[in-house]
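Enquirer: Can you read through this structure? Questions will come right after.
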Amino acid sequence: LPAPAWQVIPAPLVVGQPPAPPVVQALIEAPAPRNEAQFGDAIWVKVFTTELEHPAALEDLIGGNPVVDNARTEIEWQLLQKDPGNPNSGQLESGYGVPVGPNAASIVRRYEFYKFAGTYKEEDHEVQFADGFGDSNPGPGDVGTYIGAQNGAANLNIAAVPEPETYAMLLAGLGLVFTLAGRSRRRGR
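Spelled out as structure tokens, the structure:
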């Protein structure tokens with residue numbers, strides 16, 4: 001199964017404004033062609049997204065968990081197929097440069113993969129659609145069996161405001177360091 005390559009792009013900082021939410025993108029690539037002179041095998045992908053107000057944990061990525069099962073559809077259908085004449089073909093980028101919500105501490109995406117069951121051109125193995133259908137609009141019989149799914153998450157590094165206890169521990173630690181350093185200097189070490 002293709003695995004997503006994640007990228008978290010921080011929003012530019014604006015002086016006097018609170019930090020804006022980042023953009024979370026994930027790139028999926030179709031399988032490489034078996035024959036370099038022909039198109040690769042085509043697969044369908046669906047993308048589901050959930051934004052969480054807390055960091056994602058491993059259990060948030062397991063099927064049967066509401067985080068995965070109740071996700072909203074980000075991309076209904078997209079066909080991925082490598083074209084031998086276009087090195088950038090067969091790529092799906094979810095996120096599309098849209099920032100996550102202002103309260104999101106993490107984002108979870110589920111990618112479902114299905115075989116392409118339609119017809120291929122005999123000469124070059126390129127997908128052939130019936131009129132009115134295309135790479136984001138499968139026709140009857142174009143979607144084949146379920147191949148599998150990939151779940152992934154990105155925890156966003158939101159700067160937390162330290163608790164007062166953290167400052168107290170930091171000051172106590174610095175006080176100890178300065179005390180020990182002062183004793184070492186007095187002893188001539």
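For what it's worth, this note's numbering labels the leading residue of the sequence shown as 1, then goes sequentially.
C-beta: ideal position from N, C-alpha, C; glycine also.
1. Tell me whether Asn-137 is buried or exposed, calling it buried when 16 or more other Cβ atoms sit within 10 Å of its Cβ.
2. Rounded C-beta distance between Pro-90 and Glu-29? I'm assuming under 8 Å.
3. In three-state terms, what does DSSP make of Val-68?
4. Around the Cβ of Ala-42, are there at least 16 other Cβ atoms within 10 angstroms (buried) or fewer (exposed)?
5. Does the distance from the CB of Trp-6 to the CB of Val-143 come in under 8 Å?
6. Restricting to Cα atoms, I'd like to know which of Val-68, His-125, Gly-152 and Ala-154 is closest to Glu-36.
7. Please list the terminal residues of the continuous beta strand (DSSP E) segment that includes Ile-9.
8. Three or more beta-carbon pairs under 8 Å between the stretch 72-83 and the stretch 146-153, yes or no?
9. Skipping 5 residues on each side, what residues in its chain have a beta carbon closer than 7 Å to that of Pro-55?
10. Could you tell me the alpha carbon to alpha carbon distance between Phe-116 and Pro-10, rounded to whole angstroms?
11. With a 10 Å radius around its C-beta and 16 neighbouring C-beta atoms as the bar for buried, classify Leu-79 as buried or exposed.
12. Could you check how far apart the C-beta atoms of Phe-48 and Arg-110 are, in whole angstroms? I think they sit under 8 Å.
13. So for Asp-142, helix, strand or coil by DSSP?
14. List the whole-angstrom C-beta distance separating Pro-21 from Pro-102, where the pair is believed to meet the contact cut-off of C-beta under 8 Å.
15. I'd like to confirm the pairing. Which residues does DSSP put opposite Phe-115 in its beta bridges?
Expert: Taking the geometry as given:
1. In the sequence shown, the residue the question calls residue 137 occupies position 137. Its Cβ having fewer than 16 others within 10 Å, Asn-137 is exposed.
2. In the sequence shown, the residue the question calls residue 90 occupies position 90. In the sequence shown, the residue the question calls residue 29 occupies position 29. Looking at the sequence itself, residue 90 is Gly, so the reference to Pro does not match. The pair is a contact, with the Cβ atoms about 6 Å apart (cut-off 8 Å).
3. As a first step, residue 68 is located in the sequence shown; it is residue number 68 there, counting from the start. Correct three-state label for Val-68: helix.
4. Within the sequence shown, residue 42 is the residue found at index 42, counting from 1. Answer is buried; the Cβ neighbour count reaches 16.
5. On the sequence shown, position 6 is the one that residue 6 refers to. On the sequence shown, position 143 is the one that residue 143 refers to. Not in contact: Trp-6 and Val-143 (Cβ atoms no closer than 8 Å).
6. Within the sequence shown, the letter at position 36 stands for residue 36. Cα-wise, what sits closest to Glu-36 is His-125.
7. Taking the sequence shown and counting its residues from 1, the one referred to as residue 9 is at position 9. First-last of the beta strand (DSSP E) with Ile-9: 5-9.
8. no
9. In the sequence shown, counting from the first residue as 1, residue 55 sits at position 55. Closer than 7 Å at the Cβ level, and outside the excluded window around Pro-55, lie Ala-105, Ser-106 and Asn-155.
10. Taking the first residue of the sequence shown as 1, we reach residue 116 at position 116. Taking the first residue of the sequence shown as 1, we reach residue 10 at position 10. The alpha-carbon atoms of Phe-116 and Pro-10 are separated by roughly 36 Å.
11. Here residue 79 refers to the residue found at position 79 when the sequence shown is read from its first residue. It is buried - the Cβ of Leu-79 has at least 16 other Cβ atoms within 10 Å.
12. Locating residue 48 in the sequence shown gives position 48, where the first residue counts as 1. Locating residue 110 in the sequence shown gives position 110, where the first residue counts as 1. Contact holds; Cβ gap of about 4 Å.
13. For the purposes of this step, residue 142 is identified with residue 142 of the sequence shown, where counting begins at 1. In the structure shown, Asp-142 sits in coil (DSSP, three-state: anything other than H, G, I, E or B).
14. Within the sequence shown, residue 21 is the residue found at index 21, counting from 1. Within the sequence shown, residue 102 is the residue found at index 102, counting from 1. About 6 Å; that satisfies the 8 Å criterion.
15. The count along the sequence shown starts at 1 and reaches residue 115 at position 115. First, the amino acid is wrong: residue 115 is Lys here, not Phe. Bridge partners of Lys-115: Ile-43.
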